[in-house]
Every structure is written in C-alpha cells, then in structure tokens.
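See structure below.
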Amino acid sequence: MRFMIGCGSCGIAAGAEEVAKSVRERLSAEHSVTVDLVGCNGMCFAEPLMQVKDDEGNDYYYGRLTGEKAVKIVDAFLNGEIPEENKIEGDELKFLKGQTRIALRHCGIIDPESIDSYIEAGGYTAFDKILKMTPDEVIEQIKISGLRGRGGAGFPTWFKWEAARKENTEEKYIVCNADEGDPGAFMDRSVLEGDPHSVLEGMMVAGYAIGAKCGIIYVRAEYPLAVKRLTIAINQLREKGLLGKNIKGSDFEFDFKIMKGAGAFVCGEETALLASLGGDRGMPTPKPPFPAQKGFRKQPTNINNVETFANVPWIIENGGEAFAAMGTEDSKGTKVFALAGKVKYGGLVEVPMGMTIRQIVFDICGGIKNGKKIKGVQIGGPSGGCLPEELLDTPIDYKSIGATGAIMGSGGLVVMDEDTCMVDMARFFMDFTSKESCGKCVPCRVGTTRMLEILNRIVKGEGREGDMELLQSLGSSIRDSALCGLGNSAPNPVLTTMRYFKDEYTAHIEEKCCPSFKCASLIKYEINPEKCTGCTLCGRKCPTKAITGSVKNPHVIDKDKCIACGECAASCRFGAIFKVSGEAVRYE
Amino acid sequence: MKIKPQIDFSVVDEIIGRYENPSESLISLLQDIQEEYGYLPTEVMVRISEQAGIPLSRLMGVATFYSQFKLNAPGKYKVLVCMGTACHVNNGERVADAVAKTLGVKEGETTADGLFSWEEVACLGCCSLSPVMMINGQVYGKLDGKKVEQVINDIRKAELERAGQ
C-alpha cells in the first residue's frame with residue numbers, strides 16, 4: 001500500500017506538511033506501506049490531498065485533509081476498509097479522470113526529490129534512447145510530433161532546434177524559460193516542483209540534438225520550492241554520473257546551471273531573458289538576430305518553456321506519431337491549463353488540443369461556483385483576451401484561439417461570472433502591462449500608460465464620448481509597432497473586451513453605470529428601511545463612519561462619505577443593504 | 589538620529605569573489621548581497637563598483653529594473669500581497685487595503701518599529717487559495733479584511749512578548 005501526499009507549494013500552504021507529519025508518525029516500520037511526499041496532482045480545489053494506492057493497484061483520493069483526518073483514513077485502510085469521509089469522487093473525481101496527462105504525467109505520483117522514483121516511473125529511458133540516435137533523428141521525431149512552444153507564441157519546437165543545430169560553433173546553450181509570470185498561470189511551477197527530472201531530461205535531449213553542453217534554467221525567484229527541487233535533481237544527476245563528460249560512455253557532455261530571475265515579467269520574452277542572463281536590465285532586442293544564431297554570450301541558444309521540455313522525454317519514448325495522434329490538424333498533443341477565478345474546481349488541467357473551453361470549464365472543472373452564471377473566460381494572461389459565453393465552444397488550438405483575438409498563451413484560464421466587470425478586468429491587465437513595460441520602446445511605454453489613463457477614467461465614471469475609438473486606435477498602433485511580444489500583445493485584453501463586451505463599456509461611459517456592480521466609483525450602497533432591524537453592526541463595520549442610526553431604528557448611509565468598500569453589505573445578517581449603479585439595483 | 593552600523597566590506601568582497609565573471613553574474617551577485625543585508629545599501633553598491641569594475645550607473649540600472657531589489661531597508665516581516673488575476677477576481681484589493689490599514693504605512697514603506705514592510709506583487713502562484721498574501725515565505729490564503737488584521741496582529745503580539753522577555 002502506498003500513501004501519496006501532495007506537497008507542492010500550494011499544498012504546503014494549505015497544510016500538507018502537517019498531514020504528512022501526522023501520517024508518518026502514525027505508521028511504523030512494521031506496517032508494510034510507503035508514504036511518499038509527491039508533487040501537486042493539480043486538484044488545487046481540494047487541498048491538502050492524499051492519494052492511496054492499495055495492493056491491488058486501485059487508487060483512492062482524499063481531499064481537504066487535516067493531520068487528524070488523514071490519520072483516520074490511514075487507520076481505516078490498515079484495517080482493510082475504504083473510508084468514505086473526505087473521499088474525492090463523482091464530479092470532483094471527473095476533474096482528474098477527464099484529463100490526458102503527458103506534461104503532468106508524473107506530477108502527484110512520483111517523489112520529486114528522488115531520482116530513483118523518476119527512473120522507476122520510466123525516467124531517463126528517452127535519454128538512453130537518443131544516445132543511440134543521431135541528432136537529426138531526434139529532431140525528426142520532434143518534427144513528426146508537431147510539438148509547438150507551450151510558453152505562448154506556439155512556435156514549432158523542431159524548427160528552433162534545427163536552426164540552432166545548423167550553426168557551426170563549438171559553444172551552444174540550451175535555456176529553459178521558467179520565468180512564469182502570467183498572473184493566473186502556475187503550470188510551470190507545478191511541473192518544476194512535481195517532476196523536475198522530466199524538464200532536465202527534456203533539456204538534455206535538446207542539448208544532444210543541437211550540440212549544446214550547457215543547460216541554463218532561468219526560474220522565477222518567487223518559486224523557492226521549484227529552485228530547491230531543481231537543485232536537488234541536478235545534484236542527483238551528478239551523483240549518478242549522468243552529467244559531465246562522456247555521459248554513459250558516449251561523446252555527449254552536458255551540465256546544468258540555475259539562474260534565478262529577479263522579478264520582471266518582460267524577462268519571459270526570449271531576448272529580454274537573454275539580456276537578464278547576461279546580468280543586464282531585461283530589455284528585449286529586435287530580431288533578427290534570433291537566439292538560435294546569437295543568444296547567450298552571443299552564441300547559438302535554444303530557448304524553450306518548461307512545459308515544452310516536459311513533453312520531450314514522452315515524445316522520444318513513445319515516438320512522434322503517438323504525440324501527433326492527439327490534438328487537431330494544427331495543434332498536436334496536449335496543453336496544460338491553470339483554471340482559476342469563479343470556477344467550481346480550480347487547479348491544473350491537461351487536455352488534448354481540440355477540446356472546447358466549455359468542456360474544460362463545465363465537464364472537467366464542474367462549472368461556476370455558487371450557482372452563478374458564467375460571463376466569459378480570460379485566456380492567455382495579460383497578452384491574451386476575454387472571450388464571452390458564446391465563444392466557449394471554441395476548440396483549444398492555436399489557430400482557433402488566435403482567430404478570436406485572444407492567444408493560447410502559457411495556459412492561464414480565469415473564469416469570470418456575472419460579478420466580474422469586463423472594463424475593470426481590461427483595466428487590471430493594462431495596469432499590469434504598463435507597470436511591467438521595460439520602457440525601451442515608445443509604443444509600449446507611452447501607449448500602455450495612455451490606455452491605462454483612459455480606462456482609469458472610465459471606471460471612475462469620467463469616461464467621455466470617443467474614448468472607445470481612442471482605445472481602439474491606440475491599441476492597434478501598439479500592436480503593430482511595439483518592439484517585442486509583450487508590447488505587441490499588451491492591448492489584447494482591451495481590444496477583446498471592447499469587441500465582445502461593448503455594452504459594458506457603453507454603460508460605464510454613457511450611463512455611468514457598472515452593470516456588474518464592481519467599479520467602486522459607480523456604485524453606492526443603500527439600506528432598505530423595511531428590512532433593517534437597527535442592529536448597528538454595519539455602522540460599527542463602516543471604515544468611514546458613513547452609516548448612522550440609533551438602535552432598533554433603520555440606519556442610513558451618507559453617500560458622500562461612503563467609499564463603496566462593501567463591508568456593510570458583507571456584515572448585514574438581514575439582507576437589508578443593496579447596491580445601486582445607474583438605474584440598476586442588486587441585493588447581495 | 590540612528591547611527592548606521594558599519595558595513596563589513598570583507599563580506600561584500602567574499603560575495604564578489606564567488607563569481608568568476610561578476611559582470612555577467614550581476615543579478616545573482618546582487619541577490620546574494622540582498623540575502624546578506626536585506627536590501628542593497630548604497631555603500632555596498634559603491635564597493636561592488638570599485639571592486640568588480642562595473643560602473644555604478646549600470647549597477648543602479650539593474651537594481652532599479654527588477655522588482656526583487658530593494659534600495660531601502662525592509663521590515664523584519666515582509667508582507668507580499670498578491671495582485672494576480674485570480675486574487676483580483678476574488679477581491680484581492682481588499683487584502684491590500686486591510687494590510688495598509690493594519691500597518692498604517694503605504695506600499696513599499698516600513699513601519700516605524702522596523703517590524704513590517706509591505707508591497708504588492710505579481711501572482712504568487714497559489715491561485716486556488718486566492719486572495720493570498722505571503723509573509724516571510726509563509727502563504728496565507730482565503731483572506732478577508734479581518735483575517736489579515738488577525739495574522740498581522742498575532743505576529744506583532746508575539747514580537748512584543750519576545751521583546752518584553
């Protein structure tokens with residue numbers, strides 16, 4: 001019997017370490033069971049998690065655990081029972097069963113701090129296999145697989161590898177882009193924390209294919225656990241003699257370096273990442289020259305994303321055709337999405353390309369929380385776009401998503417319900433990109449700032465006639481003229497929300513009304529005197545002392561003092577406080 | 589006026605010595621310096637410039653570009669409030685408001701007792717626990733104004749008790 005406890009940084013934050021400690025204390029050597037601390041299996045909604053594999057190989061999943069609850073479950077299994085309490089089943093289990101896992105194949109199953117655990121699961125067989133292949137044969141397999149970069153732009157992986165391979169120099173580099181900065185995306189962190197060896201193996205395969213001896217992982221400093229597990233994994237490779245010169249008796253030489261990023265979203269752009277690797281401000285440079293020609297230290301450099309590398313060993317093991325058998329004409333294999341926002345079961349979901357957004361949100365993730373209505377999804381982070389409910393049947397592939405005006409991006413998928421204001425959402429992303437703009441080119445530096453100013457005005461109720469046209473024209477100019485991918489795609493959230501949620505913009509600008517009751521300047525709170533019992537609770541909660549009234553008498557809100565923070569409505573036990581925006585009224 | 593403690597430059601020199609090529613490894617080097625001092629003191633930046641032959645302008649350029657680098661001493665407890673998409677959708681700005689209110693200082697500032705500093709950061713990657721904040725590496729999830737106040741006041745109380753002993 002095997003107990004697996006999910007110890008990704010999200011699991012740990014939810015209390016997984018206490019669960020692990022209690023389970024370990026309960027068990028002694030006489031019990032013929034193993035307890036493994038594994039990575040995250042992606043069921044973030046039910047953390048802390050424990051998976052139990054019985055001696056017949058059946059799997060049982062338990063969630064929302066505490067140390068005490070976990071011990072009860074362990075006791076039951078030791079008695080030959082299958083406990084029902086805290087068991088994840090039905091719709092919740094569909095979340096896991098509805099997926100096809102390649103990049104996440106080991107996450108939540110193997111011990112990420114043990115190379116033996118990875119090898120036992122079939123790890124490093126792809127590496128053994130390529131040592132018997134020529135580099136061209138390796139690239140051919142990647143070409144057959146149809147693998148495209150999972151970081152955002154979706155460039156064919158084999159093409160980049162071949163470009164770097166063709167360069168006739170001694171010194172070449174493989175770089176893993178682990179600077180996952182999209183707010184709302186956390187798949188790279190999960191792979192690095194849950195299965196670091198698959199990324200390292202993918203990088204070694206790439207190194208062999210292009211003729212590089214050094215692999216550099218550029219990882220966010222905000223991911224300390226990922227850095228720790230990568231460091232452990234690299235040391236284990238070294239101990240096993242799988243790094244250095246003449247690996248496994250071949251001519252192949254390889255080693256790794258980890259470089260911690262210092263917090264700049266633009267460093268996810270490959271030329272900016274290279275500048276950062278060289279110790280400079282992470283500012284992009286025009287292409288060409290492409291990194292494959294002149295990258296790190298001005299040498300040919302191949303840069304791929306974490307998820308891309310994690311797919312590589314699987315492709316080599318199973319053959320390019322097996323990967324290409326999944327997905328659509330234009331997009332092969334699977335894609336990992338990070339589901340967050342107003343979705344019922346949030347977490348990591350890996351599905352074959354071609355599945356629709358609706359299937360992901362409703363069939364796998366259980367739909368919307370609290371029985372509310374879906375308004376749309378935000379896909380692709382600050383470079384992506386907001387798609388309305390009508391477009392939820394769009395299949396997930398690079399071409400179809402691109403046609404909507406959004407991008408696949410790294411796979412952030414934030415689900416929004418009727419309470420989400422799309423203008424505010426666009427403003428949020430514009431605020432993000434304008435802060436993260438490196439400042440090198442005028443369209444991005446000045447353009448995003450101007451767009452943000454207009455949006456700030458609109459959400460404050462100071463929108464003017466012509467603002468939408470101005471946003472449209474600024475957005476198109478930035479898209480066409482910014483220096484790098486971050487700038488080019490920065491207007492996407494605004495352009496897509498204007499395209500699909502035009503009514504909301506009009507309501508803000510013309511009627512000074514926020515139909516979602518989100519923009520604080522456009523809503524006011526009022527008290528229904530018939531429902532108010534005069535309990536005085538709201539008055540005590542109000543941070544600006546805007547609520548007055550005596551005990552047992554209906555209270556009133558002074559509209560001039562009210563900052564629309566919502567503390568009163570959240571505290572009212574009688575449902576007496578309601579919001580007003582323009583002509584519309586809503587009770588909480 | 590508080591007298592600034594004398595900085596021991598041998599520590600700085602030792603850190604510079606860790607790197608074969610300090611110019612190329614500048615970001616890692618500055619991370620090590622910040623690990624040591626909690627921020628990048630001006631005297632230390634001048635020392636690095638002299639010892640490694642890197643223009644001070646470039647050092648400051650790099651230090652001000654990346655959000656991780658601080659030029660002022662932070663509090664003993666560094667509160668990071670997540671401003672990611674999921675936290676935003678789940679009312680993350682109220683967490684920021686509550687932190688500001690409880691600490692009584694603006695973003696990027698340190699409380700007078702030197703205990704706390706706070707800042708807004710991009711996604712911390714714990715979206716399922718949103719809204720979240722992180723204090724010295726520990727994540728606090730599913731927050732509201734009250735919980736924020738409680739977490740901070742608990743730390744404050746524990747510190748006061750420790751100081752009283």
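As given, the protein sequences belong to chains A and U, one line each in that order.
1 is the number of the first residue of the first sequence in our numbering; add one for each residue after it.
589 is the number of the first residue of the second sequence in our numbering; add one for each residue after it.
By construction, the Cβ of each residue, glycine as well, lies at the ideal position given by its N, Cα and C atoms.
Taking Cβ-Cβ distances shorter than 7 Å, what residues in chain A pair up with residue i?
i: LEU614 of chain U; result: GLY279
i: GLY605 of chain U; result: None at all; the shortest Cβ gap to chain A is about 16 Å.
i: CYS611 of chain U; result: As written in the sequence, residue 611 of chain U is Ser, which differs from the Cys given in the question. By Cβ distance, chain A contributes GLY279.
i: PHE653 of chain U; result: ALA264, ARG281, GLY282
i: ALA710 of chain U; result: GLY181, PRO183, PHE265
i: GLY649 of chain U; result: ARG281
i: GLY626 of chain U; result: What GLY626 of chain U touches in chain A: nothing, since even the nearest Cβ is about 15 Å away.
Output, in chain order, the set of chain U residues within a Cβ distance shorter than 9 Å of residue i.
i: CYS441 of chain A; result: By Cβ distance, chain U contributes nothing, its closest Cβ being about 15 Å from CYS441 of chain A, past 9 Å.
i: CYS514 of chain A; result: Simply none; closest approach about 15 Å.
i: LYS342 of chain A; result: VAL677, ASN678
i: GLU47 of chain A; result: SER716, LEU717
Which bits of chain A does residue i rub up against, with CB to CB less than 9 Å?
i: GLN656 of chain U; result: ALA221, GLU222, LYS260, GLY261, ALA262, GLY263, ALA264
Have a look at the DSSP bridge pairing and note the partners of residue i.
i: TRP706 of chain U; result: U:VAL667
i: GLN378 of chain A; result: A:CYS386, A:VAL414
i: LYS87 of chain A; result: A:TYR62
i: GLN726 of chain U; result: U:ILE723
i: ILE348 of chain A; result: At residue 348 of chain A the sequence reads Leu, which differs from the Ile that was named. BP columns for LEU348 of chain A point to A:ALA338.
i: GLU526 of chain A; result: A:PHE578
i: GLY215 of chain A; result: A:ILE174, A:PHE256
i: ASP36 of chain A; result: A:MET4
i: MET50 of chain A; result: A:ILE5, A:TYR62
i: ILE303 of chain A; result: A:VAL175
i: GLY733 of chain U; result: DSSP output for GLY733 of chain U lists no bridge partner at all.
Quick one: list the residues of chain U neighbouring residue i, beta-carbon separation under 7 Å, in chain order.
i: THR420 of chain A; result: VAL677
i: GLY346 of chain A; result: CYS715, SER716
i: THR428 of chain A; result: Note on identity: in this sequence residue 428 of chain A is Phe, with Thr being the wrong assignment. By Cβ distance, chain U contributes HIS676.
Does the beta-carbon distance from residue i to residue j come in below 9 Å?
i: GLY692 of chain U; j: SER705 of chain U; result: no
i: MET430 of chain A; j: VAL377 of chain A; result: no
i: VAL459 of chain A; j: LEU522 of chain A; result: yes
i: MET468 of chain A; j: MET498 of chain A; result: yes
i: ALA20 of chain A; j: CYS40 of chain A; result: no
i: GLY282 of chain A; j: CYS438 of chain A; result: yes
i: LEU104 of chain A; j: ASP188 of chain A; result: no
i: ARG220 of chain A; j: GLY181 of chain A; result: yes
i: PHE290 of chain A; j: MET203 of chain A; result: no
i: GLY346 of chain A; j: ALA674 of chain U; result: yes
i: ILE217 of chain A; j: LYS257 of chain A; result: yes
i: PRO183 of chain A; j: PHE337 of chain A; result: no
i: GLY341 of chain A; j: VAL414 of chain A; result: yes
i: GLY278 of chain A; j: GLU612 of chain U; result: yes
Quick check on this structure: which residue in the options has the alpha carbon closest to the alpha carbon of residue i?
i: PRO135 of chain A; options: A:ALA209, A:ALA121, A:LYS545; result: A:ALA209
i: ASP75 of chain A; options: A:MET416, A:ALA46, A:ILE396, A:SER28; result: A:SER28
i: ALA275 of chain A; options: A:LEU471, A:GLN299, A:LEU237; result: A:GLN299
i: SER410 of chain A; options: A:ILE360, A:ILE379, A:THR125, A:GLY261; result: A:ILE379
i: ARG427 of chain A; options: A:ILE454, A:CYS444, A:ILE119, A:THR231; result: A:ILE454
i: LYS260 of chain A; options: A:SER516, A:PRO443, A:ASP179, A:ILE12; result: A:ASP179
i: GLU84 of chain A; options: A:ALA322, A:LYS97, A:TYR60; result: A:TYR60
i: ALA13 of chain A; options: A:GLU465, A:ALA46, A:SER516; result: A:ALA46
i: LEU131 of chain A; options: A:LYS531, A:GLU317, A:VAL556; result: A:GLU317
i: TYR654 of chain U; options: A:ASP558, A:ALA272, A:GLU530; result: A:ALA272
i: THR34 of chain A; options: A:GLU162, A:PHE77, A:LYS143; result: A:PHE77
i: GLU171 of chain A; options: A:TYR62, A:ALA292, A:GLY11; result: A:ALA292
i: LEU237 of chain A; options: A:LYS375, A:PHE254, A:MET133, A:LYS344; result: A:PHE254
Who are the neighbours of residue i on chain U, taking C-beta pairs under 8 Å?
i: VAL414 of chain A; result: THR673, ALA674, VAL677
i: GLN51 of chain A; result: Going along chain U, no residue has its Cβ under 8 Å from GLN51 of chain A, so there is no contact; the nearest lies around 17 Å.
Kindly list, in the order they appear in chain D, the residues whose Cβ is closer than 9 Å to that of residue i.
i: CYS44 of chain A; result: This model lacks chain D altogether, as its protein chains are A and U.
Using the beta-carbon of each residue, which ones in chain A are nearer than 8 Å to residue i?
i: GLY729 of chain U; result: ALA13, ALA14
i: GLN619 of chain U; result: ALA221, LYS260, ALA262
i: GLY725 of chain U; result: PRO224
Should residue i be listed as close to the ligand ADP, given that the test is whether its C-beta is under 8 Å from any heavy atom?
i: TRP314 of chain A; result: Within the structure as shown, the ligand ADP is missing, as the structure has no ligands at all.
Can you list, in chain order, the stretches of the beta strand (DSSP E) that have 3 or more residues and sit fully within the region 406-465 of chain A?
Counting whole runs of 3 or more residues, the region 406-465 of chain A contains the beta strand (DSSP E) stretches 412-417.
What are the complete alpha helix (DSSP H) segments, minimum 4 residues, inside the region 311-340 of chain A?
Positions of the alpha helix (DSSP H) runs, each at least 4 residues long and wholly inside the region 311-340 of chain A, are given as 320-324 in order along the chain.
Unbroken stretches of the beta strand (DSSP E), 3 residues or longer, contained in the region 648-697 of chain U
Counting whole runs of 3 or more residues, the region 648-697 of chain U contains the beta strand (DSSP E) stretches 665-670.
Pick out the complete alpha helix (DSSP H) segments inside the region 170-194 of chain A, 4 residues or longer, and give them in chain order.
Taking 4 residues as the shortest admissible run, the region 170-194 of chain A contains the following complete alpha helix (DSSP H) segments, listed from N- to C-terminal end: 187-194.
Report the start-end ranges of each beta strand (DSSP E) in the region 246-289 of chain A that is 3 residues or longer and not cut off at the edges.
Runs of the beta strand (DSSP E) inside the region 246-289 of chain A: 255-260.
Would you mind listing the beta strand (DSSP E) stretches within the region 111-169 of chain A that are 3+ residues and don't spill past its ends, in chain order?
If we require 3 residues or more, the region 111-169 of chain A turns out to have no beta strand (DSSP E) run fully inside it.
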